[in-house]
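Position 35 (the sequence shown) corresponds to 61 in this note's numbering; numbering is contiguous.
We put the CB at the ideal spot given by N, CA and C, even for glycine.
Data block below; observations after.
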Amino acid sequence: MIELSDMIRELRQQLTSALTDGADEVVRFEVGPVEIEATVAVSREAGADSKVRLWVVDAGANGKYAHAQTQRITVTLSPKAMAGDGSAPQSVLIAGGEVDGER
Numbered sequence: 027m028i029e030l031s032d033m034i035r036e037l038r039q040q041l042t043s044a045l046t047d048g049a050d051e052v053v054r055f056e057v058g059p060v061e062i063e064a065t066v067a068v069s070r071e072a073g074a075d076s077k078v079r080l081w082v083v084d085a086g087a088n089g090k091y092a093h094a095q096t097q098r099i100t101v102t103l104s105p106k107a108m109a110g111d112g113s114a115p116q117s118v119l120i121a122g123g124e125v126d127g128e129r
């Protein structure tokens with residue numbers, strides 16, 4: 027299992043990589059809303075400053091967590107490119123060739 031925040035961080039890194047790879051391409055694609063659907067297990071740490079954590083359950087591990095409290099969630103993200111000069115965020119454009127094994 028991985029934390030939901032780690033999954034979103036990895037998604038951000040991959041979108042950033044695709045953006046960089048396609049910077050000089052003629053054909054580009056605008057990234058619209060990104061919808062993520064996942065099964066998560068909820069856990070709470072003990073202690074005064076306890077935190078609730080959402081762990082993404084691996085597809086092959088569903089049976090393993092059958093007795094754990096799991097929830098199915100959908101998160102919709104709207105990627106925007108932030109300018110360093112403080113100007114308004116812009117839509118993200120991605121271009122690039124297909125990577126081996128990519129569908």
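{"Item": "Within its chain, find whatever has a CB closer than 7 Å to the CB of Val101; leave out the 5 residues flanking it on each side and keep chain order.", "Value": "Ile62"}
{"Item": "Pick from Glu56, Ala67, Ala74, Ala44: whose alpha carbon is nearest that of Ser117?", "Value": "Glu56"}
{"Item": "Could you name the residues of the same chain whose beta carbon sits closer than 8 Å to that of Glu108, not counting the 5 residues immediately before and after it, in chain order?", "Value": "In the sequence as presented, Glu is not what sits at residue 108; that position holds Met. The answer, listed in chain order, is Pro115."}
{"Item": "Measuring straight from C-alpha to C-alpha, what distance separates Gly58 and Pro105?", "Value": "7 Å"}
{"Item": "For Val82, count neighbouring Cβ atoms within 10 angstroms of its own Cβ and tell me buried if that reaches 16, exposed if not.", "Value": "buried"}
{"Item": "Which first and last residues belong to the beta strand (DSSP E) in which Ala64 is found?", "Value": "60-70"}
{"Item": "Does the beta-carbon of Val68 have 16 or more other beta-carbons within 10 angstroms, so that it is buried, or is it exposed?", "Value": "exposed"}
{"Item": "Would you kindly work out how many angstroms separate the C-alpha atoms of Arg129 and Gln40, rounded to a whole number?", "Value": "Because the pLDDT of Arg129 is 49, which lies under 50, any placement of that residue in the model is unreliable, and the question is left without a value."}
{"Item": "Cα-Cα, which of Leu119, Gly110, Gly112, Leu103 is closest to Val31?", "Value": "Note on identity: in this sequence residue 31 is Ser, with Val being the wrong assignment. It is Leu103."}
{"Item": "Could you give the residue range of the beta strand (DSSP E) that holds Gln97?", "Value": "96-103"}
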